[in-house]
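Student: Every position in the sequence shown, counted from 1, becomes a number in the working numbering once 29 is added. So that we are looking at the same thing, I have put the structure below in structure tokens.
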Amino acid sequence: MHIPHASDDQALLALWEQALALPAAHRGEALLPDAAACTLGERNARLARLHAQTFGVGIDLLSHCPACGAGAQFSGDCEQLMQGGALADASVVHQALLFGHEVEFRLPRSGDVAAASAEKDEVFARRLMEACVLRCSRDGQALAPSELPLAVLDAVSQRMEVLDPTASISFALSCPHCAAPWEARLDLAQLVWQKLQARVEGLLLDVDTLARRYGWSEHEVLSLSRTRRAAYVQLASTA
30 MHIPHASDDQ ALLALWEQAL ALPAAHRGEA LLPDAAACTL GERNARLARL HAQTFGVGID
90 LLSHCPACGA GAQFSGDCEQ LMQGGALADA SVVHQALLFG HEVEFRLPRS GDVAAASAEK
150 DEVFARRLME ACVLRCSRDG QALAPSELPL AVLDAVSQRM EVLDPTASIS FALSCPHCAA
210 PWEARLDLAQ LVWQKLQARV EGLLLDVDTL ARRYGWSEHE VLSLSRTRRA AYVQLASTA
């Protein structure tokens, strides 16, 4: 699967159709080839690149104050998200001595998140950590990842955040009404999917309008430049 450029509307439709067949929680990541093997930071960098190529560099966002509910508009920049730091290697095994436990672990991958996505928050976090712990022991005795204390798993999670700092994207905001501060998290996969869905809905409306008015096929409509297609849609709506 290739990442389409803004003018390649037929590729956008094919990408949308392929992702639509998947469960809703997996559609955003399905927009990337081989996404399951990516670290979360690499996934976010690639999603930012896809957004920049398809919808532009700027991202307009809206969050709501958790204290008073007021809306706060803010913006992001895909180029900054793509250059947020060196991408971590998904294949590297890391070692740590935590609370008397020797732990070998790798960084979470997009596929790990997808596999645990059906779980509730606390169970999700533990399943994700257990999937990434490769070996662990205490006093030379091997343990199963499920036997690790919560404090050890929390410490492993903190190490992962340091090793893959762009795995989670958030913006520090202050409420324009009550001045309360909060962190607004950005789910790039969901954002890109929502924008793709909106773009495709517009394309399908154009195809429907011009097919009804002129009898053109989907291929013929999408072969037009966007400027010419918009002009024909306007003519069809006023005829």
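Yeah, the Cβ is synthetic: ideal placement off N, Cα and C, and Gly gets one too. Since the structure is predicted, the reported quantities are computational estimates derived from the model, not experimental observations.
(1) Do you know how far the Cα of residue 146 is from the Cα of residue 54?
(2) Quick one: any contact between the region 161 to 169 and the region 59 to 74, if contact means 3 or more CB pairs under 8 Å?
(3) Which of the three DSSP states, helix, strand or coil, is assigned to residue 123?
(4) The alpha helix (DSSP H) that contains residue 69, what's its start and end?
(5) Since residue 203 is in the beta strand (DSSP E), which residue starts that stretch and which ends it?
(6) What residues in its chain sit with their C-beta under 7 Å from that of residue 39, if we drop five residues either side in the sequence?
(7) Going by C-alpha to C-alpha distance, which of 136, 60, 183, 243 sits closest to residue 192?
(8) DSSP beta-bridge partners for residue 153?
(9) Just to confirm the assignment, what range does the beta strand (DSSP E) spanning residue 105 have?
(10) Between the region 221 to 233 and the region 57 to 66, do at least 3 Cβ pairs fall closer than 8 Å?
(11) Using the Cβ count rule (16 or more neighbours within 10 Å means buried), how would you classify residue 121?
(12) From the DSSP output, in three-state form, read off residue 165 for me.
(13) Whole beta strand (DSSP E) runs in the region 171 to 232 with 3 or more residues, listed along the chain?
(14) Which of helix, strand or coil does DSSP assign to residue 89?
(15) Please classify residue 242: does DSSP put it in a helix, a strand, or coil?
(16) Pick from 139, 116, 168, 152: whose alpha carbon is nearest that of residue 126?
(17) How would you label residue 206, buried or exposed, when you count the other beta carbons within 10 angstroms and need 16 or more for buried?
(18) Run the CB neighbour count on residue 244, radius 10 Å, all protein chains shown included, and call it buried at 16 or more, exposed below.
(19) Could you give the DSSP three-state label for residue 138: helix, strand or coil?
(20) Count the CB pairs spanning the region 75 to 87 and the region 232 to 248 that are closer than 8 Å, and state whether there are at least three.
(21) Once the 5 residues before and after residue 190 are set aside, which same chain residues still bring their CB inside 6 Å of it?
Tutor: On the basis of the supplied data:
(1) 8 Å
(2) no
(3) strand
(4) 69 to 84
(5) 198 to 203
(6) 251
(7) 136
(8) None; residue 153 has no bridge partner.
(9) 100 to 106
(10) yes
(11) exposed
(12) strand
(13) 198 to 203, 210 to 215
(14) strand
(15) helix
(16) 168
(17) exposed
(18) exposed
(19) strand
(20) no
(21) none
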